[in-house]
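Those protein sequence lines, which keep their order, are chains A and B. If you want the working numbering, it's the position in the first sequence, counting the first as 1, plus 32. If you want the working numbering, it's the position in the second sequence, counting the first as 1, plus 483. Glycine included, every Cβ here is placed at the ideal spot set by N, Cα and C. Read the structure below first, then the notes.
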Amino acid sequence: MSPSPPRPRPAGRGRPDGWWLLSLPLLAFLLTPILALLGRVEGAHVLANLHSPIAQKAIAVSLRTTLFSTALVIVAGIPVAQVLARSDSRLRRLVDALVDLPTVLPPAVAGIALLVTFGRRGLLGGVLELGGVAIPFTQAAVVLAQVFVSAPFFIKSAAIGFGEVSPDLKQAAGLDGASSWQVFRFVTAPLARSALATGAALSWARALGEFGATIIFAGNFPGRTQTMPLAIYIGFELDFNLALTLSAILIGLSLITLLLVKWLLRPKGRGDAAA
Amino acid sequence: MHRLSRLILLSLLLTALAGCAMPPASAPTAAPPANLTVFAAASLTESFGELGQMFEAQHPGVTVVFNFAGSQQLAQQLAQDAPADVFASANNRQMQAAVDAGRIAADSPQTFVRNRLVVVTPADNPAGLASYADLATPGLKLVLAAPEVPVGQYSLESLELAGQDPSYGPDFVANVTGNVVSYEENVRAVLSKVSLGEADAGIVYATDAASAGDSVRTLPIPDALNVIATYPLAPVANSAQAELADAFVALVLSPEGQAVLARYGFDGAP
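Below, the structure is given as structure tokens:
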């Protein structure tokens, strides 16, 4: 995951060997369902379905909510990543484990946890109700569900990026009179930019695919809380073609995101490494 | 003498073997051990489970084997010649599919229960609903099953019926659907959102409401506006256990069978 210094390449680079052959079964298993799905999508259906109100609403809800959730994850995640990047105290390891937790929890658990926290009868429900705020069944609930499941992806990547910035550089900037914020703004963040971008992209892709926590915490209402994964699930029985179209769009977006991440993480050329 | 002791030993052995093969409680005239395979809609899981135990108690040596699944899935399995003795479907369409597939005699299905729609609210009824008409109260948080799910379709049909009733007013449907905050993917999700208190009301089957016990309050939907699901039951035509299959059908239709079903929220056959 970390942008490592250029590794020495073995001489026979790129030539398929025995490991390639052995990796074929799993690669085929991962790829075949995706190809099968894309093979079932017909161009004419895609165009027709893209014009259906259900699909358009689902795409709009997904893009709007993931934009918000990714922005929230970046703003609120950077301080956490800084904490993780700095020391190696017991507290830090606890935070580290906490941050990993949402990635291993079933999303349905996240949904129930959010409901018993922010729901009308939840832990904070009374306080929120006093303030006139009701979160379940709103787009805010969709965003919260996405933040919960996607934040770890950004934080982990950003922490690695921050950790690789040389302490000497930061110290030098400090000696030159830069404030702690200025050090972050003009030294740490620019140097960690590819890790930050990678984290943001992964986090966005995870938010885009979020399903279980959303349907439990935010419910399903077309145009309000029905994101693309929900529309795929609900539409599966009624309109298989619609589900196929939305699935193909999600696969396309996710693939582009992941390729972008790989490109950002590519081993750096000589000129870049000095930066 | 030697021969006699052998004979005694042999007869003892035979008795022991017979004792193993037959359940201890069985009378000498009891039928040999048999399995009765019942295909039943998933919503019958609890009630038919109890009826199965009742049937086994009445027919020593018989084991009732259930296959609970969506009615559509069961009808498909029947069409593919899955071995079964009784089929209980949650709607007439899937029973008809089994008839069309030649697994059920056309004249044998009988309606054995009905399941009606009801309104459920959280136990403390925070919105103070008193009748079906109150679903149109502005600001109410209503949860329905998605129109893609049968119960969601029935809910909308029931609202449409009320919309045609002058006492509910022409705006009833629009006002009620305007209160919907979520179209849930299945009826149990509607029930959980209501029993958790996140929604003020929801529309579910009476059997679901009964399964939630005290965690929800139930308001009836008037018969004339209700969309009532009927459940047909029939022995499978080529059953190897035709007599037992008929006996099971008879138990379900008997007063004691109906009493069990009523306890799980079903209405009796008309």
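Does the beta carbon of S554(B) sit closer than 9 angstroms to a beta carbon anywhere in chain A? no
Could you spell out where the beta strand (DSSP E) holding S637(B) opens and where it closes? The amino acid occupying residue 637(B) in the given sequence is Tyr; Ser does not appear at that position. Run containing Y637(B): none in the beta strand (DSSP E); it sits in the alpha helix (DSSP H), P633 to Q647.
Where S509(B) and A742(B) are concerned, what is the direct C-alpha to C-alpha distance, given to the nearest angstrom? For S509(B), the pLDDT reaches just 42, beneath the cut-off of 50, and the residue's location in the model is therefore unreliable, although a value from the coordinates is still provided. Approximately 27 angstroms, taken between the alpha carbons.
Would you kindly report the start and end of the unbroken beta strand (DSSP E) that includes S226(A)? Premise fails: S226(A) lies in the alpha helix (DSSP H), R225 to G241, not in any beta strand (DSSP E).
Counting only Cβ pairs nearer than 8 angstroms, list the residues of chain D close to E681(B). Protein chains A and B are contained in the structure displayed, whereas chain D is not.
Around the C-beta of D648(B), are 16 or more other C-beta atoms found within 10 angstroms, so that it is buried, or is it exposed? exposed
Using a Cβ cut-off of 9 angstroms (strictly closer), state whether Y666(B) contacts chain A. yes
Can you find a CB in chain B that lies within less than 9 angstroms of the CB of P254(A)? yes
Count the other CB atoms within 10 Å of the CB of N518(B); is the residue buried (16 or more) or exposed (fewer)? exposed
Is E631(B) close to chain A? Criterion is C-beta to C-beta, closer than 9 angstroms. yes
Name the DSSP beta bridge partners of N518(B), please? T546(B)
Is it right to say R72(A) is buried, meaning 16 or more other beta carbons lie within 10 angstroms of its own, or is it exposed? exposed
Cβ-based burial, I66(A) [other Cβ within 10 Å; buried from 16]: exposed
Quick one: is G251(A) near chain B, going by C-beta distance under 9 angstroms? yes
Give a yes or no on whether 9 angstroms exceeds the smallest Cβ distance from I264(A) to chain B. no
Mapping the DSSP letters down to three states, classify E667(B) as helix, strand or coil. strand
I'd like the span of the alpha helix (DSSP H) that includes I192(A), first residue to last. Q171 to G195
Bridge partner(s) assigned by DSSP for L734(B): Partner(s): none; L734(B) has no beta bridge.
Quick one: is S554(B) buried, meaning 16 or more other Cβ sit within 10 Å of its Cβ, or exposed? buried
Which residues in the same chain have their Cβ closer than 7 angstroms to the Cβ of K294(A), if we skip the five residues on either side of it in sequence? none
Alpha-carbon spacing of A308(A) relative to L116(A), whole angstroms: What the structure shows of chain A is the stretch from 33 to 307, and residue 308(A) is not part of that stretch, so it cannot be assessed.
Validate contact between the stretch 685-696 of chain B and the stretch 259-278 of chain A using beta carbons, cut 8 angstroms, 3 pairs: no
With 9 angstroms set as the bound, which would you pick, yes or no: does the beta-carbon of T97(A) sit closer than that to a beta-carbon of chain B? no
Give a yes or no on whether the minimum CB-CB distance between A672(B) and chain A is below 9 angstroms. yes
Identify whether F253(A) lies in helix, strand or coil by the three-state DSSP scheme. coil
Which residue wins for smallest C-alpha separation from S226(A), given the options A245(A), S212(A) and V197(A)? V197(A)
With DSSP run on the structure shown, which of helix, strand or coil describes F570(B)? strand
Cα separation between Q171(A) and A183(A)? 18 angstroms
Distance, Cα to Cα, P715(B) vs G158(A)? 47 angstroms
Use the C-beta contact count for A689(B): other C-beta atoms within 10 angstroms, 16 or more gives buried, fewer gives exposed. buried
Give me the Cβ distance between N574(B) and A712(B), rounded to the nearest whole Å; I'm assuming they're in contact under 8 angstroms. 6 angstroms
Given a cut-off of 9 angstroms on the beta-carbon distance, is the pair A567(B) and K624(B) in contact? no
R756(B) lies in the beta strand (DSSP E); which residues open and close that run? Residue 756(B) lies beyond the stretch modelled for chain B, which goes from 484 to 753, so this question has no answer here.
Does the count of Cβ pairs from the stretch 268-287 of chain A and the stretch 100-108 of chain A closer than 8 angstroms reach three? no
Helix or strand or just coil, what does DSSP make of T528(B)? helix
Do the stretch 603-621 of chain B and the stretch 664-671 of chain B touch if we need at least three Cβ pairs shorter than 8 angstroms? no
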